[in-house]
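Comments concern the structure below.
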Amino acid sequence: MSKTRRLEKSAKNLTKMMGMYYTYNKIQAKKGKYVVWIAIVVPIELLKGFDLVIAVPENHSAMCAAKKLGPTLAEVAESKGYSMDLCSYARIDMGSMFGKGKNSPIGGLPKPDLLISNTNNCSLLSKWFDVYHREYDIPHFILDVPFCYERQKEKDLHYIVNQYKDLIYLIEDLTDQKFDIEKVKEAIHQTNKAISQWKRFLSSAAHHPSGISAFDSFVHMAPYLSSHRGTPLIVNHFKLLADETEKRMEEGKFPVPEEKYRLLWDNIAPWHQLRPMSKKLAQLNANIIYATYTSCMGTIEGKLAQFPLDPSKPLFSLARIQNATVCPYGLELRFNAISKMIRRYDIDGVVFTSNFSCKPYSLMQLDLMRKTKKKFPSIPCVMINVDHADVRKYNEEQVFLKIEALLEQIDNSRQK
Amino acid sequence: MNQLNLSNHLNNLNEQKDKILFSFPLYPPLELFHSMDLTTLVLWGLKNEIRSTQHIYKHIQDYVCSIAKHLTEFILNNGNKIDFLFSYNACDSLRNLPEIIKEGLKEQDYHLPSFHIHLPMNSLDRKYTEEYLKDEFTHLISSLEPFIPNKISFKRFSRSVELFRELRDLKKGLEDLIVKNDYSYINYIKSMEACKYLSNENQIRFLESKYKEFLNKNTSKSTNKVKRVILSGILPPPPKIVHIIEESGLKVVGNDIAKYTRSLHYTPPKGSFKTIEDYYLKFYQNHFPCPTLLYTTDSRIPLLKEMIKQKEANGFIFIGEKFCEYEYFEIPILEKQLQDENVPMLDLEFSAEDIKNYEPYRTRIDAYSEILTTK
Ligand code: SF4
Ligand code: SF4
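Keeping their order, the protein sequence lines are chains A and B. Numbers 1 to 416, taken from the working numbering, label the letters of the first sequence in order. Numbers 1001 to 1375, taken from the working numbering, label the letters of the second sequence in order.
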């Protein structure tokens, strides 16, 4: 692996942006601005129609996990009676809330005035937000999204739009602000631009060797899942990322220069293992070049291409894409997506990551894996066990034994 | 009556040429299926019906609740004996299962027509949510109609509703009688389980005979020393656990179990609905609060406190279903609130694996009983 720090400019910009986001939120909240905690799939663009502080607990948990603080925070929630079987994102963020920000790298999120969860990633999220609802005695709006086993139904689209309208009335009522649809249109416009840069960045994976590793995409998705979404800042960031990646490729610099194995990752990022895992893989000349998790951003129902939002129909556009972002859709749609990824990115092997914390993402993986093996008999697949944010449930040795066996299978299948 | 094994029962139903619908828990529209002449079996807790786990771990991971595991295994073993499958968005685990089961059956070259509705979860009192829910039912009815001999009619549906009302009232009445007369609560659980696969009419006959039996028995009145507890959870505990609870000097006086009270609590009153869709809107709007019905969050704890007051309960025993996030997210809050009311909670956890040793449970239950009695 190259000794130079990868994507240096983008990494610096990322640190700056995330620092800005957390600091700005704190300052504005202190000044008395209305604070909303949202689930990552709640359309931030819609909330841009108001002047709000937007905080995303899932994002906060991922950051804590990446900084190796997951167990410390989760234990606080566990000591309050929350089972270790519950999603680690929830336990970590609840731990931060109960500890009043103690041990969170940013001192926790500013206290919320309103909670907005959604049910399309999972309903667990609504139960998790209900804990805050009861603890803080503040309103909790549940954005109820029918699960897509197939293409989104027209009536579901209208149902979501109606809920958006309700949400707008609710925020107007709670904040005394007037909703500004023009700002939403502008945010949508920015999101369109940002996603096209993101797609340009991801497409560098098609090169041999790949211009990126999925770990790059895991790290750099963070600002999109914050209040930077829908602003020129995120467009600039993704453009910088894509430019820098392409430049490095032109210079012949690749994350795994001797790339021998091109792998696909299915599930949430293993936040506590980003560096060790990518390093260890690189030593084996293996690169996880692409991930279903980061490919979903800005797409719908397993398509790889960007779904352009229509700024002239802001609510409908956002509702149409409501089931996207982190693959909350059915088995057939996910299988189609994986099939396309294998072909387009010339994948040698698939790593299905069974995630103790996330049943919605993991429960269909055994069938997904079987279907993938059947359709692509020469592409070996493996299932490893990970908890995306709780390192206590991760066993590196076991995981790498399986990954090494996968690489061997790839070698074997090449010899046939 | 001896408990009927579900596989044998299915064979009998197949011989009688019944149309069989398997429904995922928790709260399916039973009256509707009944009025369509479908024999509906709700797949709660099939632990005793499973002889192998060959299908489970081929399709789902270990960290899933026993209900999801066992129903998957059962359906994949008996797909050829069933006509239809029904599910709704009851929880995250159940959400993924219809497609997983479809895949499993496809491997056996079997296609099972399956039906799914989305139950709105944000609030059921907005005009558009009401319309959405009603439309889901209109669609369900029209999807099922081609498969049934008679066209669905409101009259037939209303008759089914009355039958279910009678049945639910009987079940609630039997519980009251058993509790009031100091019989072991095992009698209630056993009666409920013994009739679960019978037709509604036969269930009514069975429960009426049970009711008479308990009415005519000589009873001893409860002593003031006995501490009263409520059982809560998705499934009832194994009878052996109830036995241990009672042996430890506690008396079960009611339940907040999804399979029992939460399912039996409410039937829209006669004359309060004009269409099937309307009935189900009222049915779900007024449903007994449950952690899986996300819109009932705010009413749940006050209602449980009310139940505790009404039943004069001193304690609350949570029968946890391992890996059920819905219940486990709520328990710490509930425990804290009940503690404030001086009602301690005991949290027992059960998983898909057979309980081989009840002694650890006994130790905890005895300790809990001591806390209640010295309080
Ligand atoms: S990680 Fe999975 S279970 Fe946890 S909040 Fe996200 S979607 Fe839900
Ligand atoms: S026990 Fe919980 S997780 Fe399992 S099926 Fe029921 S609601 Fe779902």
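Even glycine gets a Cβ: it sits at the ideal position worked out from N, Cα and C.
Practice task
Taking residue 142 of chain A and residue 117 of chain A to be in contact with their CB atoms under 8 Å, please state how far apart those CB atoms are, rounded to whole angstroms.
Solution key: Here the question's residue 142 of chain A lines up with position 142 in the first sequence. Here the question's residue 117 of chain A lines up with position 117 in the first sequence. Confirmed, about 6 Å.
Rounded to whole angstroms, what is the Cα-Cα separation between residue 1166 of chain B and residue 1235 of chain B? Counting from 1 along the second sequence, the entry for residue 1166 of chain B is found at position 166. Counting from 1 along the second sequence, the entry for residue 1235 of chain B is found at position 235. Roughly 23 Å separates the two Cα atoms.
At 4 residues or longer, what runs of the alpha helix (DSSP H) sit wholly inside the stretch 1056-1138 of chain B? Fully enclosed alpha helix (DSSP H) runs of 4 or longer: 1056-1059, 1066-1078, 1092-1107.
Exercise. Would you list, in chain order, the members of the stretch 1099-1120 of chain B that have their beta-carbon closer than 7 Å to a beta-carbon of chain A?
Key: Result list: 1099, 1100, 1103, 1118, 1120.
- Message: Give me the pocket residues for ligand 2, defined as CB within less than 7 Å of any heavy atom, sorted by chain position.
- Response: Contact residues of ligand 2 (beta-carbon closer than 7 Å to any heavy atom; chain order) are B/1025, B/1026, B/1065, B/1067, B/1068, B/1090, B/1091, B/1093, B/1094, B/1234, B/1292, B/1321, B/1323, B/1324, B/1325, B/1326, B/1327.
Which of helix, strand or coil does DSSP assign to residue 1347 of chain B?
Translated into the one-based positions of the second sequence, residue 1347 of chain B becomes position 347. Secondary structure of residue 1347 of chain B (DSSP, three-state): strand.
Checklist line | Per-residue DSSP class, three states only, for residue 1312 of chain B | finding: Locating residue 1312 of chain B in the second sequence gives position 312, where the first residue counts as 1. Residue 1312 of chain B sits in coil when the DSSP states are folded into three classes, being neither helix nor strand.
Compute the Euclidean distance between the alpha carbons of residue 47 of chain A and residue 40 of chain A, then round it to the nearest angstrom.
The residue given as residue 47 of chain A occupies position 47 in the first sequence. The residue given as residue 40 of chain A occupies position 40 in the first sequence. Going from the Cα of residue 47 of chain A to the Cα of residue 40 of chain A covers about 13 Å.
Review point. Under a CB-based cut-off of 9 Å, is residue 1372 of chain B close to chain A?
Key: Position 372 of the second sequence holds residue 1372 of chain B. It does not: the Cβ of residue 1372 of chain B has no partner Cβ on chain A nearer than 9 Å.
Item to check | Three-pair Cβ contact test at 8 Å for the stretch 346-362 of chain A versus the stretch 259-279 of chain A | outcome: Result yes; three or more Cβ-Cβ pairs closer than 8 Å.
*Answer with yes or no whether the minimum CB distance from residue 420 of chain A to chain B is below 9 Å.*
Outside the displayed range of chain A (1 to 416) lies residue 420 of chain A, so it cannot be described from this structure.
Taking beta-carbon pairs under 9 Å, can you tell me which members of the stretch 1019-1045 of chain B lie near chain A?
If the cut-off is 9 Å between Cβ atoms, the stretch 1019-1045 of chain B has nothing near chain A.
Query raised in the report: Using a Cβ cut-off of 8 Å, which residues of the stretch 61-87 of chain A contact any Cβ in chain B, in chain order?
Result: For the stretch 61-87 of chain A, which is checked against every Cβ of chain B, the residues closer than 8 Å are 80, 81, 82, 83, 85, 86, 87.
- Message: Our contact map puts residue 217 of chain A next to residue 287 of chain A with C-beta atoms below 8 Å; I'd like the distance itself, whole angstroms only.
- Response: In the first sequence, the residue the question calls residue 217 of chain A occupies position 217. In the first sequence, the residue the question calls residue 287 of chain A occupies position 287. Contact flag wrong, Cβ pair sits at about 12 Å.
TODO: Verify the CB distance criterion: does residue 312 of chain A have a CB-CB separation below 9 Å to chain B?
DONE: Taking the first residue of the first sequence as 1, we reach residue 312 of chain A at position 312. Cβ-Cβ to chain B under 9 Å: no for residue 312 of chain A.
Item to complete: Measuring only between beta-carbons, confirm whether residue 1 of chain A sits less than 9 Å from chain B.
Response: The count along the first sequence starts at 1 and reaches residue 1 of chain A at position 1. Caution applies to residue 1 of chain A, whose pLDDT of 43 falls short of 50 and renders its modelled position unreliable; the value that the coordinates give is listed next. At a cut-off of 9 Å between beta-carbon atoms, residue 1 of chain A makes no contact with chain B.
Check: Going by beta carbon distance, what residues of the same chain come within less than 8 Å of residue 1217 of chain B, once the five residues before and after it are set aside?
Finding: Here residue 1217 of chain B refers to the residue found at position 217 when the second sequence is read from its first residue. Taking residue 1217 of chain B as the centre and dropping the five residues before and after it, the same chain places the C-beta of 1181, 1183 closer than 8 Å to its C-beta, in chain order.
**Prompt:** What in chain B is Cβ-close to residue 131 of chain A, meaning under 9 Å?
**Reply:** The count along the first sequence starts at 1 and reaches residue 131 of chain A at position 131. Within 9 Å Cβ-Cβ: 1329, 1330, 1332, 1333.
Got a sec, what are the start and stop residues for the alpha helix (DSSP H) residue 15 of chain A sits in? Looking up residue 15 of chain A in the first sequence gives position 15. Counting along the chain, the alpha helix (DSSP H) containing residue 15 of chain A begins and ends at 8-30.
* Let me know if residue 204 of chain A comes out buried or exposed under the rule of 16 or more other beta-carbons within 10 Å of its beta-carbon. => Counted from its first residue, the first sequence places residue 204 of chain A at position 204. When all chains shown are included, residue 204 of chain A counts as buried.
Euclidean distance between Cα positions of residue 3 of chain A and residue 208 of chain A
Taking the first sequence and counting its residues from 1, one reaches residue 3 of chain A at position 3. Taking the first sequence and counting its residues from 1, one reaches residue 208 of chain A at position 208. No answer about residue 3 of chain A holds up, because its pLDDT of 46 lies below 50 and its placement is not dependable.
Say yes only if the C-beta of residue 96 of chain A is nearer than 8 Å to one or more non-hydrogen atoms of ligand 1, and no if none qualify. If you number the first sequence from 1, residue 96 of chain A lands on position 96. Taking non-hydrogen atoms of ligand 1 into account, the C-beta of residue 96 of chain A is found less than 8 Å away from none of them.
Quiz item: In terms of DSSP beta bridges, what is residue 1161 of chain B paired with?
Solution: Here the question's residue 1161 of chain B lines up with position 161 in the second sequence. Bridge partners of residue 1161 of chain B: none, in fact.
I want to see whether chain B comes within less than 9 Å of residue 364 of chain A, judged by CB atoms only; does it? Your numbering for residue 364 of chain A matches position 364 in the first sequence. Yes, because at least one Cβ of chain B sits closer than 9 Å to the Cβ of residue 364 of chain A.
Leaving out the 5 sequence neighbours to the left and right, which residues in its chain are closer than 7 Å to residue 25 of chain A when beta-carbon positions are compared?
-> Numbered from its first residue, the first sequence carries residue 25 of chain A at position 25. Exclusion of the five residues before and after residue 25 of chain A leaves 53, 55, 110 as the residues of its chain whose Cβ lies within less than 7 Å of its Cβ.
- Return no unless some Cβ of chain A is closer than 9 Å to the Cβ of residue 1256 of chain B. The residue given as residue 1256 of chain B occupies position 256 in the second sequence. At a cut-off of 9 Å between beta-carbon atoms, residue 1256 of chain B makes no contact with chain A.
Exercise. Would you check if the stretch 182-196 of chain A and the stretch 214-234 of chain A touch, i.e. whether three or more CB-CB distances between them fall below 8 Å?
Key: The answer is yes - the stretch 182-196 of chain A touches the stretch 214-234 of chain A, with three or more Cβ pairs under 8 Å.
**Asked** Does the stretch 384-396 of chain A come close enough to the stretch 356-367 of chain A to have 3 or more Cβ pairs within less than 8 Å?
**Response** Between the stretch 384-396 of chain A and the stretch 356-367 of chain A, the count of Cβ pairs shorter than 8 Å is three or higher; the stretches touch.
Q.
Residues of chain A with CB closer than 7 Å to the CB of residue 1135 of chain B, please, in chain order.
A. Position 135 of the second sequence holds residue 1135 of chain B. Per Cβ cutoff of 7 Å: 155.
For this session: Give me whichever residues DSSP pairs with residue 1251 of chain B in a beta bridge.
Result: Residue 1251 of chain B sits at position 251 when you count from the first residue of the second sequence. Answer is B/1228.
Check your understanding: Taking 8 Å as the cut-off, does the CB of residue 46 of chain A come closer than this to any heavy atom belonging to ligand 1?
Key -> Walking along the first sequence from the start, residue 46 of chain A turns up at place 46. Every heavy atom of ligand 1 is 8 Å or more from the Cβ of residue 46 of chain A, so no.
Is the shortest distance between the beta-carbon of residue 1126 of chain B and the beta-carbons of chain A less than 9 Å?
-> Within the second sequence, numbered from 1, the residue matching residue 1126 of chain B stands at position 126. When Cβ-Cβ separations below 9 Å define contact, residue 1126 of chain B makes contact with chain A.
Between the beta-carbon of residue 1374 of chain B and the beta-carbon of residue 1249 of chain B, is there less than 9 Å? Here residue 1374 of chain B is taken as the residue at index 374 of the second sequence, counted from 1. Here residue 1249 of chain B is taken as the residue at index 249 of the second sequence, counted from 1. Contact: no.
Collapsed DSSP secondary structure at residue 1195 of chain B in the structure displayed: Taking the first residue of the second sequence as position 1, residue 1195 of chain B is located at position 195. Three-state result, residue 1195 of chain B: coil.
CB residue 1121 of chain B to CB residue 1280 of chain B, shorter than 9 Å? Stepping through the second sequence from its first residue, residue 1121 of chain B is reached at position 121. Stepping through the second sequence from its first residue, residue 1280 of chain B is reached at position 280. No, Cβ-Cβ distance for residue 1121 of chain B and residue 1280 of chain B is not below 9 Å.
*asked:* Quick check: does the Cβ of residue 207 of chain A come within less than 8 Å of any heavy atom belonging to ligand 3?
replied: Absence of ligand 3 from the depicted structure is noted, with ligand 1 and ligand 2 being the only ligands included.
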